[in-house]
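Only one structure is covered here, and it is reproduced in the block below.
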Amino acid sequence: MEPALLELRQVSKTFQTGNTKPVKAVQSVSFEVPSGINTGIVGESGCGKSTLARMITGLTGVTSGEILLNGTRISGLRRSAQRDVYRQVQMVFQDPYSAISPRMPVGTFLTEGLVHFGLISKGDRKEQARKLLELVDLDPQLALRLPHQLSGGQLQRVVIARAISIHPRLVILDEATSALDVSVQKQILSLLVRLQEEFSLTYLFIGHDLAVVRSITEQIFVMKEGSIVERLPSETLQEDARHPYTLQLLSSVFSVKDLS
Ligand SMILES: Nc1ncnc2c1ncn2[C@@H]1O[C@H](COP(=O)(O)OP(=O)(O)O)[C@@H](O)[C@H]1O
Ligand SMILES: [Mg+2]
Numbered sequence: 324m325e326p327a328l329l330e331l332r333q334v335s336k337t338f339q340t341g342n343t344k345p346v347k348a349v350q351s352v353s354f355e356v357p358s359g360i361n362t363g364i365v366g367e368s369g370c371g372k373s374t375l376a377r378m379i380t381g382l383t384g385v386t387s388g389e390i391l392l393n394g395t396r397i398s399g400l401r402r403s404a405q406r407d408v409y410r411q412v413q414m415v416f417q418d419p420y421s422a423i424s425p426r427m428p429v430g431t432f433l434t435e436g437l438v439h440f441g442l443i444s445k446g447d448r449k450e451q452a453r454k455l456l457e458l459v460d461l462d463p464q465l466a467l468r469l470p471h472q473l474s475g476g477q478l479q480r481v482v483i484a485r486a487i488s489i490h491p492r493l494v495i496l497d498e499a500t501s502a503l504d505v506s507v508q509k510q511i512l513s514l515l516v517r518l519q520e521e522f523s524l525t526y527l528f529i530g531h532d533l534a535v536v537r538s539i540t541e542q543i544f545v546m547k548e549g550s551i552v553e554r555l556p557s558e559t560l561q562e563d564a565r566h567p568y569t570l571q572l573l574s575s576v577f578s579v580k581d582l583s
């Protein structure tokens, strides 16, 4: 049997800061993300979603447990060995303005990954930036602009384009549409669906809004206080949910009549 694209085996993270009580941000989390199966993580603020994402991308080390990509352990690697992992796992955060240096032109930012991994030469940057902007339905002229000259939605498209430029297998979106207006959010979600088909991507879509997470995923893990309390197929979420916490999340979302 082929290994899952991503597998977490009893992954935990405890933060020890100063002389305060240790924070058990993530506790013995295990799950699999098969290739092509978009997976959601939902749970309220502070439940450990971002910590989980940061451990998968190697931005934070695990306290215990293992993370595997295509059956190969990627947790606990030395910096130099992490390079190849980054090629396969990309992350998009909530605030696109914090992802880009304020003085860096959009086109330079867009093509950084391609240059870093030696996929293009510096002379090809302009052309590649143009292509990447078109890929996410933006005007190629934006390449020369600075981040603050773009709207939040435009800039998040830029960040997504850059993440995808190096052809990763897994893209982790951590509250990536949460700060956007509902209409812009919908546009970004349909963009993600189109890009997934074009580039054979798998998304790990993290959010607090169950309706949004459900709309782009096939399976959802519900997280509470650092642990996964339930795994549910997105399609039959309402019928299959059993855990009281999931039911509580559901009642707060679907009482506001379906968003689709
Ligand atoms: N670098 C850190 N140092 C100490 N505590 C942290 C750190 N990062 C996160 N935490 C704590 O871990 C818990 C989970 O945070 P986080 O993963 O950001 O949750 P979420 O993304 O679900 O809102 C919170 O209690 C948070 O305060
Ligand atoms: Mg978070």
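Start counting at 1 in the sequence shown, then tack on 323, and there's your number in the working numbering.
Glycine residues also receive a C-beta, built at the ideal position from the N, C-alpha and C atoms.
Taking the straight line between their C-alpha atoms, what separation do you get for residue i and residue j?
i	j	result
Ile551	Leu524	24 Å
Gly388	Ser403	21 Å
Leu329	Ser335	16 Å
Gln405	Pro326	20 Å
Val579	Tyr526	In this predicted model, Val579 has a pLDDT of only 48, less than 50, meaning its place in the structure is not dependable enough to derive any value.
Leu582	Thr540	Any reading at Leu582 needs caution, since the residue's pLDDT is 47, under 50, leaving its predicted position unreliable; the model's value is listed next. The alpha-carbon atoms of Leu582 and Thr540 are separated by roughly 15 Å.
Arg468	Gln519	27 Å
Leu573	Ile379	27 Å
Val516	Gly341	44 Å
Thr337	Arg401	20 Å
Val576	Leu433	36 Å
Leu465	Val482	13 Å
Leu391	Lys449	36 Å
Gln561	Pro491	32 Å
Ser373	Asp563	26 Å
Tyr568	Pro428	44 Å
Gly384	Gly399	7 Å
Phe440	Gln350	34 Å
Glu367	Met546	8 Å
Gln542	Gly369	21 Å
Shorter than 7 Å, the distance from the beta carbon of residue i to the closest heavy atom of ligand 1, or not?
i	result
Lys344	no
Thr395	no
Gly388	no
Ser368	yes
Val502	What sits at residue 502 in the sequence shown is Ala, not Val. No.
Thr362	no
Thr298	Nothing can be reported for residue 298: it is not among the residues displayed for the chain, which extend from 324 to 583.
Relative to the alpha-carbon of residue i, which residue among the options has its alpha-carbon at the smallest distance?
i	options	result
Asp418	Lys509, Leu478, Thr343 and Ser353	Leu478
Gly436	Asp462, Arg485 and Pro470	Arg485
Leu331	Leu461, Ile360, Ser506 and Val352	Val352
Lys445	Val459, Leu456, Gly430 and Gly399	Gly430
Ile489	Leu512, Ala502, Pro463 and Ala452	Ala452
Asp532	Ile397, Arg410 and Gly363	Gly363
Phe354	Phe544, Thr559, Leu570 and Glu558	Phe544
Within the present structure, is the beta-carbon of residue i separated from the nearest heavy atom of ligand 2 by less than 7 Å?
i	result
Asp497	yes
Ser373	yes
Sequence ranges, beta strand (DSSP E) only - wholly within the stretch 335-394, length at least 3: Within the stretch 335-394, the complete beta strand (DSSP E) segments of 3 residues or longer fall at 346-356, 362-365 and 387-392, listed in chain order.
Could you give the uninterrupted runs of the beta strand (DSSP E) lying entirely in the stretch 506-544, keeping only those of 3 residues or more? Within the stretch 506-544, the complete beta strand (DSSP E) segments at least 3 residues long are 525-530, listed from N- to C-terminus.
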